[in-house]
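Novice:
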Amino acid sequence: MNFISRSWKGILLCLVIAIPAWFAGQALPVIGGPVIAILAGMVITLLLKNKEPLQNGITFVSKKILQYAVILLGFGLNLSVVLETGRQSLPIIIATISTSLILAFVLHKVLKIPGNISTLVGVGSSICGGSAIAVTAPVIEASDEEVAQAISVIFLFNVLAAVLFPAFGTMLGFSTTDGGAFGVFAGTAINDTSSVTAAAATWDSMYHLGTATLDKAVTVKLTRTLAIIPITLVLAFWRTRKEEEAEGGKVSFKQVFPFFILFFILASVITTVMTSFFGVPIEFFTPLKELSKFFIVLAMAAIGLNTNIIKLVKTGAKPIFLGLCCWIGITLVSLMMQHFLGIW
Numbered sequence: 538m539n540f541i542s543r544s545w546k547g548i549l550l551c552l553v554i555a556i557p558a559w560f561a562g563q564a565l566p567v568i569g570g571p572v573i574a575i576l577a578g579m580v581i582t583l584l585l586k587n588k589e590p591l592q593n594g595i596t597f598v599s600k601k602i603l604q605y606a607v608i609l610l611g612f613g614l615n616l617s618v619v620l621e622t623g624r625q626s627l628p629i630i631i632a633t634i635s636t637s638l639i640l641a642f643v644l645h646k647v648l649k650i651p652g653n654i655s656t657l658v659g660v661g662s663s664i665c666g667g668s669a670i671a672v673t674a675p676v677i678e679a680s681d682e683e684v685a686q687a688i689s690v691i692f693l694f695n696v697l698a699a700v701l702f703p704a705f706g707t708m709l710g711f712s713t714t715d716g717g718a719f720g721v722f723a724g725t726a727i728n729d730t731s732s733v734t735a736a737a738a739t740w741d742s743m744y745h746l747g748t749a750t751l752d753k754a755v756t757v758k759l760t761r762t763l764a765i766i767p768i769t770l771v772l773a774f775w776r777t778r779k780e781e782e783a784e785g786g787k788v789s790f791k792q793v794f795p796f797f798i799l800f801f802i803l804a805s806v807i808t809t810v811m812t813s814f815f816g817v818p819i820e821f822f823t824p825l826k827e828l829s830k831f832f833i834v835l836a837m838a839a840i841g842l843n844t845n846i847i848k849l850v851k852t853g854a855k856p857i858f859l860g861l862c863c864w865i866g867i868t869l870v871s872l873m874m875q876h877f878l879g880i881w
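In my numbering, the protein residues as written are 538 to 881.
(1) Within the continuous alpha helix (DSSP H) that includes Ser542, where are the two ends?
(2) Less than 6 Å between the CB of Gly853 and some heavy atom of the ligand MN, yes or no?
(3) With 16 other CB atoms within 10 Å as the buried threshold, where does Arg778 fall?
(4) So Leu614 is in the alpha helix (DSSP H); what residue range does that whole segment cover?
(5) Below 8 Å, how does it come out for the segment 577-589 and the segment 698-712: are there three or more Cβ pairs, yes or no?
(6) Could you check what DSSP says for Ser805 in three-state terms: helix, strand or coil?
(7) Taking Ile833 as the reference, give the member of Leu746, Ala641, Gln625, Ile554 with the closest Cα.
(8) Taking C-beta to C-beta, are Ala698 and Ile670 nearer than 7 Å?
(9) Taking Cβ to Cβ, would you say Ser599 is nearer than 7 Å to Asp681?
(10) Report the start-end ranges of each alpha helix (DSSP H) in the segment 596-667 that is 4 residues or longer and not cut off at the edges.
(11) Helix, strand or coil for Ala679, going by three-state DSSP, please let me know.
(12) Do the CB positions of Val721 and Val757 come within less than 7 Å of each other?
(13) What distance in whole Å lies between the Cβ atoms of Ala687 and Val733, which are believed to be in contact at a cut-off of 8 Å?
(14) Answer yes if the segment 801-813 comes into contact with the segment 635-654, meaning at least three C-beta pairs across the two stretches below 8 Å, and no otherwise.
(15) Does Pro675 pass the burial test, meaning 16 or more other C-beta atoms within 10 Å, or should it be called exposed?
(16) Would you kindly check if the distance between the Cβ of Ser663 and the Cβ of Ser626 is under 7 Å?
(17) State the Cα-Cα distance for the pair Thr769 and Ala736, rounded to the nearest angstrom.
(18) Rounded to the nearest angstrom, what separates Gly594 and Ile581 at their Cα positions?
(19) Mind the definition here: the segment 599-613 touches the segment 851-867 only if three or more C-beta pairs lie below 8 Å; say whether that holds.
(20) Can you look up Asp715 in the DSSP assignment and give me helix, strand or coil?
(21) My guess is that Leu512 and Gly841 are in contact by the Cβ rule of under 8 Å, so how many angstroms apart are they, rounded?
(22) Applying the criterion that 16 or more other CB atoms from any shown protein chain within 10 Å of the CB defines a buried residue, is Gly611 buried or exposed?
(23) Enumerate in chain order the residues of its own chain whose CB-to-CB distance from Ile575 is below 8 Å, with the five nearest sequence positions on each side excluded.
(24) For a test of the three-state rule: what should DSSP assign to Ala764, helix, strand or coil?
(25) Hey, out of His745, Thr762, Leu709, Ile573, whose CA is closest to Val660's CA?
(26) Got a sec? Which residues, its chain only, sit under 8 Å from Thr852 by beta carbon, not counting five neighbours each side?
(27) State the Cα-Cα distance for the pair Ser829 and Gln604, rounded to the nearest angstrom.
(28) What residue ranges within the segment 719-744 form continuous alpha helix (DSSP H) runs of no fewer than 4 residues, ordered along the chain?
(29) DSSP three-state call for Asn843: helix, strand or coil?
(30) Secondary structure at Trp775, three-state DSSP: helix, strand or coil?
Take a look at the structure:
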C-alpha cells in the first residue's frame with residue numbers, strides 16, 4: 538500500500554502518455570510508439586512545475602517496467618526456428634555487430650563521447666535498436682537522459698534506412714525476383730524491427746514478391762536479437778571489473794549480474810519447447826509479445842519525463858555522428874559479407 542500511495546500518480550502519468558503513443562505508433566510504424574512516447578514525455582516534463590509527487594512512479598516505470606518488457610520479449614523467440622533459418626546470415630550478423638561495437642569504442646576514445654552513450658548507440662545500432670538499448674541500460678546503469686539520447690540517435694537512422702534502403706537496394710542491383718538477398722541486407726543493416734519490416738515490405742510491394750522479403754528479413758532480425766544475451770553478460774563482467782578498480786576492492790559479479798536476462802532466456806526456452814515439442818502455435822504468445830512492446834512504450838514515456846530536452850539537443854552532435862558512423866559501417870560490412878558469401 539505504501540508503494541501504491543507513493544507511486545500511483547507517476548505511473549498514471551506514464552500511462553496517460555503511453556496509451557495514445559501506442560496507438561499513434563500503430564498508425565506510424567516507421568516512427569514507432571517508443572519514440573513518440575519519449576518525445577511526449579520530454580515535452581510534458583517542461584510543463585510540470587513540481588515533479589516530486591510523481592517521481593517515485595516515474596522511476597519505477599523507467600527502471601522496473603523496462604526490465605519486465607525485456608523478459609516478455611523472450612516470448613517472441615522460437616530459438617529452434619531462429620537458429621535453423623538464421624544460420625546463413627550468422628557470419629554477417631557477427632561481422633556487423635563487431636563493426637558497430639569497435640567503431641563505438643574507437644569514437645568514444647577519439648571524440649571523448651561518454652562511455653554509456655557510446656555503448657548504448659553501438660549496441661542499439663548493431664543488434665535491435667530500442668530493445669537492445671532497453672536491455673543494456675540497466676546493466677551499465679545508464680541514466681534516463683543517456684537512454685533518451687541513444688534512442689533519439691537510433692530513431693533518426695531507423696527512419697532514414699526505412700525510406701532509403703529500398704531505392705538503395707535497386708541501385709545496387711539486388712535480385713527483384715527473389716527477396717532473399719534484400720531480406721538479409723535489411724535484416725542485418727537496419728537495427729529496429731519496425732524499420733526492418735517497413736523496408737522489407739516496401740521491397741515486396743515494389744516487386745510483387747508477396748511476403749518473401751519480409752519473412753527473410755524478420756527471421757534474420759530475430760537471429761540478431763539473440764546477441765543481446767552474450768553482450769549483456771560481457772558488459773556485466775566489464776562493469777564488475779570497472780567497479781573493482783574504482784573502489785579498490787572485490788566487487789561481486791552477482792551484484793551487477795542482469796538477472797532479468799535469465800528470465801528472458803527462460804521465456805525463449807518456454808516458447809521454443811511449447812511450439813516445437815507440444816505443437817502450440819506461435820500465435821499463442823502474441824499477447825505477451827504485444828504486452829512487451831507496450832511496456833517498452835510505457836518505459837520510454839517515463840524516460841522522456843526524466844530527460845531535459847534542452848540539454849539533449851545541446852549535447853546531441855557527437856552521438857549523432859557516432860550513430861552515423863555505426864550505420865555506415867554496418868551497411869558497408871553487410872554488403873561486403875553478402876558479396877563474399879555469394880548472397881548478393
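Using N, Cα and C, we set each Cβ at its ideal position, and we do this for glycine too.
Bear in mind that the values here come from a model prediction, so they are computed numbers and not experimental data.
Specialist: With the structure as the only source:
(1) The count along the sequence shown starts at 1 and reaches residue 542 at position 5. Membership of Ser542 in the alpha helix (DSSP H) is indicated by the continuous run 539-564.
(2) The ligand MN is not part of the structure shown, which contains no ligands of any sort.
(3) Looking up residue 778 in the sequence shown gives position 241. With fewer than 16 other Cβ atoms within 10 Å, it is exposed.
(4) Translated into the one-based positions of the sequence shown, residue 614 becomes position 77. That residue, Leu614, is in no alpha helix (DSSP H); it is neither H nor E in DSSP.
(5) Too few Cβ pairs lie closer than 8 Å, so no.
(6) Within the sequence shown, numbered from 1, the residue matching residue 805 stands at position 268. Ser805 carries a helical assignment under DSSP once its states are collapsed to helix, strand and coil.
(7) Taking the sequence shown and counting its residues from 1, one reaches residue 833 at position 296. Closest by alpha carbon: Ile554.
(8) Looking up residue 698 in the sequence shown gives position 161. Looking up residue 670 in the sequence shown gives position 133. No, these two residues do not count as a Cβ contact at 7 Å.
(9) The count along the sequence shown starts at 1 and reaches residue 599 at position 62. The count along the sequence shown starts at 1 and reaches residue 681 at position 144. Between Ser599 and Asp681, the C-beta gap is smaller than 7 Å, which places the two residues in contact.
(10) DSSP runs (the alpha helix (DSSP H)) wholly in the segment 596-667: 603-610, 616-623, 627-648, 652-663.
(11) Taking the first residue of the sequence shown as 1, we reach residue 679 at position 142. Correct three-state label for Ala679: coil.
(12) As a first step, residue 721 must be located in the sequence shown, where it is residue number 184. As a first step, residue 757 must be located in the sequence shown, where it is residue number 220. Going by C-beta atoms, Val721 is nearer than 7 Å to Val757.
(13) Within the sequence shown, numbered from 1, the residue matching residue 733 stands at position 196. Within the sequence shown, numbered from 1, the residue matching residue 687 stands at position 150. The Cβ separation is near 18 Å, so there is no contact.
(14) Short answer: they don't touch.
(15) If you number the sequence shown from 1, residue 675 lands on position 138. Result: buried.
(16) Against the sequence shown, residue 626 aligns to sequence position 89. Against the sequence shown, residue 663 aligns to sequence position 126. Not closer than 7 Å, so no.
(17) Stepping through the sequence shown from its first residue, residue 769 is reached at position 232. Stepping through the sequence shown from its first residue, residue 736 is reached at position 199. Taking the straight line joining both Cα atoms gives about 28 Å.
(18) Counting from one through the sequence shown, the residue named residue 594 turns up at place 57. Counting from one through the sequence shown, the residue named residue 581 turns up at place 44. Between Gly594 and Ile581, the alpha-carbon positions lie close to 16 Å from each other.
(19) When C-beta atoms of the segment 599-613 are compared with those of the segment 851-867, fewer than three pairs fall below 8 Å, so the two segments do not count as touching.
(20) In the sequence shown, the residue the question calls residue 715 occupies position 178. Residue state, collapsed to three classes: coil.
(21) The first residue shown for the chain is 538 and the last is 881, placing residue 512 beyond what the model contains.
(22) Position 74 of the sequence shown, counted from the first residue, corresponds to residue 611. By the 16-neighbour rule on beta-carbons within 10 angstroms, Gly611 is buried.
(23) Translated into the one-based positions of the sequence shown, residue 575 becomes position 38. Within the same chain, Ile575 has close Cβ partners Ala685, Ile688, Ser689, Met837, Ala838, Ile840, Gly841, Thr844.
(24) Taking the sequence shown and counting its residues from 1, one reaches residue 764 at position 227. Here Ala764 sits in coil by DSSP.
(25) Within the sequence shown, numbered from 1, the residue matching residue 660 stands at position 123. For Val660, the closest alpha carbon among the candidates His745, Thr762, Leu709, Ile573 is that of Thr762.
(26) Within the sequence shown, numbered from 1, the residue matching residue 852 stands at position 315. Same-chain partners within the cutoff: Gln686.
(27) Here the question's residue 829 lines up with position 292 in the sequence shown. Here the question's residue 604 lines up with position 67 in the sequence shown. Straight-line Cα distance between these residues: approximately 10 Å.
(28) Along the segment 719-744, the alpha helix (DSSP H) occurs as fully enclosed runs of 4 or more residues at 730-744, listed in sequence order.
(29) By one-based count along the sequence shown, residue 843 stands at place 306. Coil, per DSSP.
(30) As a first step, residue 775 must be located in the sequence shown, where it is residue number 238. In the three-state reduction of the DSSP assignment, Trp775 falls in the helix class, which pools H, G and I.
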